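Structure first, commentary second.
In the working numbering, the protein residues as written are 186 to 294.
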């Protein structure tokens with residue numbers, strides 16, 4: 186049953202625009218209890234979980250390399266594309282928004 190649902194989800198994703206996919210990703214984050222207000226507060230307080238020891242082990246996160254050019258100075262773009270290493274800041278490909286959503290949905294199951 187799960188496999189059939191995944192196939193249906195992929196068909197549905199192919200029909201969505203990039204903006205609709207971004208909205209869907211935000212909804213998935215909200216379902217997991219991550220509100221936009223919470224994210225904004227983290228930014229204001231300067232305790233992004235990737236950079237803060239206090240938040241590092243309390244907040245789950247997934248890095249999705251979807252920007253063809255660096256937009257947040259996280260340095261993954263400076264470290265490059267790598268198919269061998271598996272660590273933060275290294276990606277084996279730049280994802281399309283649809284691929285990122287599929288990966289996110291599979292990861293939180």
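Cβ coordinates follow ideal geometry from the N, Cα and C atoms, glycine included.
Quick caveat: nothing in here was measured; it's all calculated off a predicted structure.
Asked	Found
Residue 278 - DSSP class collapsed to helix/strand/coil	coil
C-beta contact flag for residue 251 and residue 285 at 8 Å	yes
Residue burial classification, residue 253 (beta-carbon count within 10 angstroms, cutoff 16)	exposed
Whole-number beta carbon distance between residue 247 and residue 201, since they are thought to touch under 8 Å	Going by Cβ atoms, the distance from residue 201 to residue 247 rounds to 20 Å, so no, they are not a contact pair.
Which of helix, strand or coil DSSP assigns to residue 242	coil
Residue 276 classed as buried or exposed, judged by whether at least 16 other C-beta atoms fall within 10 angstroms	buried
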